Amino acid sequence: MPEYTTSDGEGVQIDLISGERMSNLRTMEKIRLILDGVHKGNIVILEDGLSPDEESKLIEVTMNEISPDEFTGIEIETYPRPSRNEGGFLGRLMGRDTDDNKLTVIGPANRIETLHKDENLISALVTRK
Amino acid sequence: MGLLTDIRDSISRVTTRFFEGPNQEPKRIGIYGPPNAGKTTLANRIARDWTGDAVGPESHVPHETRRARRKENVEIQRNGHSVTIDIVDTPGVTTKVDYKEFLEHDIEKDDAVRRSREATEGVAEAMHWLREDVDGVIYVLDSAEDPFTQVNTMLIGIIESRDLPVLIFANKIDLDESSVQRISNAFPQHETVPLSALEGENMDEVYDKIAEYFA
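Keeping their order, the protein sequence lines are chains U and P. If you count by the working numbering, then the first sequence holds residues 73 to 201, one letter each, in order. If you count by the working numbering, then the second sequence holds residues 1297 to 1511, one letter each, in order.
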């Protein structure tokens, strides 16, 4: 990903990653793309979010990378998924959930704080270093 | 091929669940939830009620449970039938751990750093268990806290994606601020059981539901 430096060096870089770009990556490539950005202090916004399995692995890898005084983990916010039980019998039988893709915001835990979240709104405060 | 494979796998999962025999191996039930929801207190309550032993130490300090702990062959008897489960008490799942949080509990820095390192390893381990090694989940929430958090949303999503049977336990109903309805509203697709693991309130219903869901 291209790197830029803001004029005062104190700005907050936001990476908005399209669903199309993520769809061409494997799970660990997605997680590396996210965590490499977060380690640099960036806020990463995913157009289509992650699958539950990818979220599970993101938590696991994040935990393995936490280091005292350097990296305290991530803040992640996404809208709640609709219940799989609401997908109908065929959807459930097929393990299909067509409405899983949800915009997701991920950032360093020490720089982003969720102020409010409900089914339709995520409000977050992003601070400089 | 993908379509046929999906159908075959789905039917296999359903038939396996319906036709498992009565003498099967104990189901491994993971107790999951955010830090300080009362998971270890619940695990100890269940273990003490049915085996006489505890699972691990309880504490108000977050991340007191830093390794998944298992109590095997817990036989719960309900209505003339018995259900045998292995209880797995897991560390509270989170996406961030800062050793400085431990300093607020009068813990020295070296010990705080060690605890935070163990906590991160424990959470990673708990996530791995969830993907590979549990047959069902008891999801414990503090009913005095807002359930609408990202960790809860993600974990319930992960559990649902794996088609694991799940019961939501609204713990700490002995507290004045407790609201079981708030939890029911947050996860209406799952059954919510109110309880106080600390005080032993409503444990009969807890055991009825465990037998019903995980037998």
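Glycine included, each C-beta is placed from N, C-alpha and C at the ideal position. Just so it is clear, the structure is predicted and the values come from calculations on it, not from any experiment.
Secondary structure of residue 1342 of chain P, DSSP reduced to three states: helix
Beta-carbon contacts of residue 138 of chain U that lie in its chain and below 8 Å, excluding the five residues immediately before and after: 144 and 145
Residue from P/1342, P/1339, P/1426 and P/1434 whose Cα sits closest to the Cα of residue 1457 of chain P: P/1426
Continuous beta strand (DSSP E) stretch holding residue 1382 of chain P: start and end: 1377 to 1385
Contact under 8 Å by Cβ, residue 1432 of chain P with residue 1483 of chain P: no
Simplified DSSP state of residue 82 of chain U, which is helix, strand or coil: coil
Contacting residues, own chain, Cβ-Cβ under 8 Å from residue 1411 of chain P (five flanking each side not counted): 1359, 1362, 1395, 1398 and 1403.
Cβ of residue 135 of chain U within 8 Å of any chain P Cβ: yes
Coarse secondary structure for residue 1485 of chain P, derived from DSSP in three states: coil
Separation of residue 1505 of chain P from residue 1487 of chain P, as counted between CA atoms: 9 Å
Presumed contact (8 Å Cβ cut-off) between residue 1418 of chain P and residue 1466 of chain P, rounded CB distance: No, residue 1418 of chain P and residue 1466 of chain P are not in contact; Cβ-Cβ is about 24 Å, not under 8 Å.
Beta-carbon proximity check, residue 1387 of chain P vs residue 1422 of chain P, cutoff 8 Å: yes
Close-in-space but distant-in-sequence residues of the same chain around residue 176 of chain U (CB under 6 Å, 5 per side omitted): 118, 121 and 150
Option nearest residue 1508 of chain P by Cα separation, candidates P/1331, P/1348, P/1389 and P/1373: P/1373
Contacts around residue 1339 of chain P, its chain only, beta-carbon distance under 6 Å, and the 5 residues preceding and following it disregarded: The residues are 1327, 1351, 1383 and 1385.
Pairwise C-alpha distance: residue 1344 of chain P and residue 1498 of chain P: 16 Å
Contact list for residue 1282 of chain P against chain U, beta-carbon separation under 7 Å: Residue 1282 of chain P lies beyond the residue range present for chain P, which begins at 1297 and ends at 1511; the question has no answer from this structure.
Neighbour flag for residue 1393 of chain P against chain U, beta carbons, 8 Å: yes
Supposed contact pair residue 110 of chain U and residue 178 of chain U - C-beta distance, whole angstroms, cut 8 Å: 6 Å
Burial state of residue 1355 of chain P (16 or more Cβ within 10 Å): exposed
Inter-residue CB distance, residue 1334 of chain P and residue 1493 of chain P (contact presumed, cutoff 8 Å): 5 Å
Residue 1476 of chain P vs residue 1461 of chain P beta-carbon contact at 8 Å: no
Partner residues on chain U for residue 1420 of chain P, Cβ-Cβ distance less than 9 Å: 131, 132, 133, 134, 135 and 136
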